[in-house]
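Working notes for the structure below.
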Amino acid sequence: MVRPETDQSRRILVIDDNPAIHEDFRKTLVGKAPADKTLLDMESELFGARGPEPDAGNFHVDCVPQGRDGVEAAARAKADGRPYALAFVDGRMPPGMDGIQTIKELWRACPDIQAVLCTAYADYSWQEIQSALGVSDNLVILKKPFDTVEVLQLAHALTRKWELDREIQGRLHKLAYFDTLTDLPNRTLFLDRLEHLLKLSKRYGRMGALLFLDLDNFKRVNDSLGHGVGDELLKIASRRMSDCLRSADTVARLDQPDMAARLGGDEFAVILADVERPETAANVALRLADHLAKPIDIGTHQVIVTSSIGITLFPQDGDDVATLLKNADLAMYNAKQNGPSRFLFYQEDMNVAVQKRMALEHHLGRAIANNEFTLHYQPQINLATGRLVGMEALLRWSNPELGQVSPLEFISIAEENGLIISIGEWVLRTACTQVKIWMDQELPLPRIGVNISLPQLVHAGFARTVDAVLAETGLPPHRLELEITESMLMSDPEGVARTLHELKGRGIQVAVDDFGTGYSSLGRLRDLPIDCLKIDRCFVTGISLGQRDESILNAVIAMAAGMDLRVVAEGVETPGQADFLRTSHCPEVQGYLFSRPLTVSQAEAFLREQCRIIG
Ligand code: C2E
Ligand code: CA
Ligand code: CA
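Our numbering numbers the first residue of the sequence shown as 17 and each following residue consecutively.
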């Protein structure tokens, strides 16, 4: 009964026990004259004397006599990838299922098929139909006898509706399961697939591999060259990964192809459905790493991104998806410690320190949202007058699981993984807000020092962020002093200098932190817009221990005076150290001797006390 194709996308199924009606539908919808004279005669039964319209549609029509045949044909066509868009279903088809039952079954096999129930007036009431089939916009009822035009219009409208429905479904599916930037499968689809393959591998004793892949220096590129370049880079990396898998030598069966997915940010995963030996996974990892590390030209930039890859084999490395992922992540983490473009297989004894650091990173990522950060404020004192000249804001992190974590421990991690950008912005905003509150309470603080990390300073939006925070909080720019370490001055001379000049132009002050430890040249210091040197604690500690530190201190203080820079000696703990600094005419000090870093309320009390003294 099946005729050759006319239009792939507009396939119609007619289910009717009367063969004459099959021909009528064909004439109407395909536009071919019936071969048989008797059929011509029978046509008047349905369409009256006029016969079908001459401009019949260009549909592909298949006809079957019974509901059961129709459901089978529809299911088969769907499985073959040539689904029917529309079915015309006769109401009564003895001895088989009636129209309603047939449509019910059709929808079970092909939920999106459009159905036209062709009934004589007395067949069913509307209520009957609704209670049997539910309310659906995939159903139209056509009363017999029908008009050719009616049939044609329904065919056009409903097949088009079916196409549009599918298009929308396709788009929704894509949105739900694919990453919009790279077109790779997203985390959801990836987890589905992994779950499925893990089950299969347990059941059939096959081995699969999960590769967890992280781009090593992506965040640096993203921060320094901007998100446009970063996005482009992710797209190229994704394409390279897919290409790599296509040419991979795994023996993946066609029904379970290998898959690369983007899990988020610069994290990717590759699932190899079927690996015979671990070496196969290692080969793929090697090829991925090689391929990814080739230079990429983006606009005027050439960048090289390397990757670190952790490999887990399943089912042996994890009984469930979460464990597998965790172990692959751990292996990747270890690989990263070994340098760029490395891969490592997961091993049970992968070290505890790494696990601890991973936990720290995990919690750090949520610390702002969970309100786990606070700022403490450490007073800076004019040594000659004993008066408060400023405070330094120092970040404190208290996590329910990890307890108090020192900034010495977590700042470097935040710098590596890029979190420092948002953390640093939080610090800046919180400090400026606090100082403005104190100003408004007539507790003026001349200056607030805020520590800035290198990734912040070279970040494209840094000056804008500072502007925004100042505008938002209403803090006058000259009250803000950004502390940048001496080593930062040397790391990216061009970019750093530009940003510093920009900030300076707004009246913001700049202090060089940990001065004396970073080997900056005098020439460099002279060229940069700097207001203050903070002499590193190690020199202060050296006072009275050795002649050398004392000479360095004296030299730095004299030099700063000559260059018209302020000086703060850090980490002053003993009266002896303070005496020495006073004799050396060191203008300002900071350290436990004068005050430890204070909580907000302690700092406020300190400020009140100052106001009282000054009167
Ligand atoms: P830093 O900028 O050199 O800050 C001074 C550090 O010395 C602080 O440690 C402070 O508590 C400590 N200190 C002050 N006086 C004394 C003293 O008399 N004796 C001794 N032994 N130590 C003293 P803290 O708060 O643990 O901060 C350590 C480092 O963490 C800071 O060194 C800074 O590099 C970094 N850090 C802290 N807060 C932030 C922040 O908000 N952003 C960034 N990027 N880094 C921060
Ligand atoms: Ca500092
Ligand atoms: Ca310091």
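The beta-carbon is built from N, C-alpha and C at its ideal position, and this holds for glycine as well.
Between the CA atoms of residue j and residue i - distance to the nearest angstrom
| i | j | result |
| --- | --- | --- |
| residue 600 | residue 570 | 6 Å |
| residue 160 | residue 79 | 18 Å |
| residue 537 | residue 472 | 23 Å |
| residue 46 | residue 201 | 40 Å |
| residue 322 | residue 186 | 34 Å |
| residue 497 | residue 180 | 60 Å |
| residue 134 | residue 105 | 6 Å |
| residue 209 | residue 478 | 41 Å |
| residue 493 | residue 484 | 11 Å |
| residue 285 | residue 432 | 21 Å |
| residue 170 | residue 87 | 21 Å |
| residue 371 | residue 555 | 36 Å |
| residue 293 | residue 222 | 10 Å |
| residue 547 | residue 586 | 16 Å |
| residue 23 | residue 85 | Note that residue 23 has pLDDT 44, beneath the 50 cutoff, so the model's placement of it is unreliable and the number below is only indicative. Rounded to the nearest angstrom, the two C-alpha atoms are 22 Å apart. |
| residue 461 | residue 551 | 22 Å |
| residue 513 | residue 583 | 21 Å |
| residue 604 | residue 597 | 9 Å |
| residue 270 | residue 300 | Because the pLDDT at residue 270 is just 48, under 50, the model does not fix this residue reliably, and the value given afterwards should be weighed accordingly. Roughly 18 Å separates the two Cα atoms. |
| residue 440 | residue 362 | 34 Å |
| residue 50 | residue 121 | Caution is warranted here: a pLDDT of 47 is assigned to residue 50, below 50, making its placement in the model unreliable, and the coordinate value is therefore given only provisionally. Looking at the two C-alpha atoms, the distance is approximately 30 Å. |
| residue 581 | residue 572 | 10 Å |
| residue 422 | residue 207 | 36 Å |
| residue 469 | residue 99 | 60 Å |
| residue 615 | residue 390 | 8 Å |
N- and C-terminal bounds of the beta strand (DSSP E) containing residue i
| i | result |
| --- | --- |
| residue 230 | 224-231 |
| residue 466 | 464-467 |
| residue 550 | 548-551 |
| residue 318 | 317-319 |
| residue 601 | Residue 601 -> no beta strand (DSSP E), and no H or E assigned at all. |
| residue 133 | 130-135 |
| residue 419 | 419-421 |
Close Cβ partners of residue i (< 6 Å) along its chain, the five nearest in sequence each way excluded
| i | result |
| --- | --- |
| residue 415 | 379, 388 |
| residue 627 | none |
| residue 251 | 198 |
| residue 593 | 556, 559 |
| residue 19 | With a pLDDT of 39 at residue 19, under the threshold of 50, the predicted position of this residue should be treated as unreliable, and no value is reported. |
| residue 283 | 230 |
| residue 630 | none |
Residue closest to residue i, alpha-carbon to alpha-carbon, out of the options
| i | options | result |
| --- | --- | --- |
| residue 544 | 558, 553, 525, 560 | 525 |
| residue 450 | 482, 491, 468 | 491 |
| residue 220 | 153, 158, 330 | 330 |
| residue 258 | 360, 426, 168, 288 | 288 |
| residue 343 | 325, 357, 358 | 325 |
| residue 515 | 488, 482, 486, 533 | 482 |
| residue 304 | 90, 229, 277 | 229 |
| residue 124 | 39, 94, 109 | 94 |
| residue 143 | 458, 116, 132, 411 | 116 |
| residue 444 | 345, 359, 173, 464 | 464 |
| residue 39 | 156, 147, 148, 164 | 164 |
| residue 158 | 141, 147, 150, 148 | 141 |
| residue 298 | 610, 102, 225 | 225 |
Chain-order list of residues whose beta-carbon lies under 8 Å from that of residue i (same chain, five-residue window excluded)
| i | result |
| --- | --- |
| residue 245 | 237, 238, 314, 315, 317, 319 |
| residue 247 | 197 |
| residue 21 | Bear in mind that the predicted position of residue 21 carries a pLDDT of just 41, short of 50, making it too unreliable to give a figure here. |
| residue 65 | A caution first: residue 65 carries a pLDDT of 48, below 50, which makes its placement in the model too unreliable to give a value. |
| residue 358 | 305, 324, 325, 351, 352 |
| residue 302 | 359 |
Range of the contiguous alpha helix (DSSP H) that encloses residue i
| i | result |
| --- | --- |
| residue 393 | Not the alpha helix (DSSP H): residue 393 falls in the beta strand (DSSP E), residues 389-398. |
| residue 323 | Segment 323-330 is the beta strand (DSSP E) holding residue 323; no alpha helix (DSSP H) there. |
| residue 176 | 164-193 |
| residue 625 | 616-630 |
| residue 441 | 436-456 |
According to DSSP, residues forming a beta bridge with residue i
| i | result |
| --- | --- |
| residue 498 | 466, 526 |
| residue 378 | In the DSSP output, where bridge partners are listed per residue, residue 378 has none listed. |
| residue 283 | 230, 280 |
| residue 217 | Residue 217 is not bridged to any residue. |
| residue 406 | 396 |
| residue 9 | The requested residue 9 is not part of the displayed model; the chain covers only 17 to 631. |
Close Cβ partners of residue i (< 7 Å) along its chain, the five nearest in sequence each way excluded
| i | result |
| --- | --- |
| residue 381 | 435 |
| residue 619 | 393, 407 |
| residue 503 | 534 |
| residue 511 | 474 |
| residue 384 | 438, 439, 442 |
| residue 193 | 201, 202, 204, 205 |
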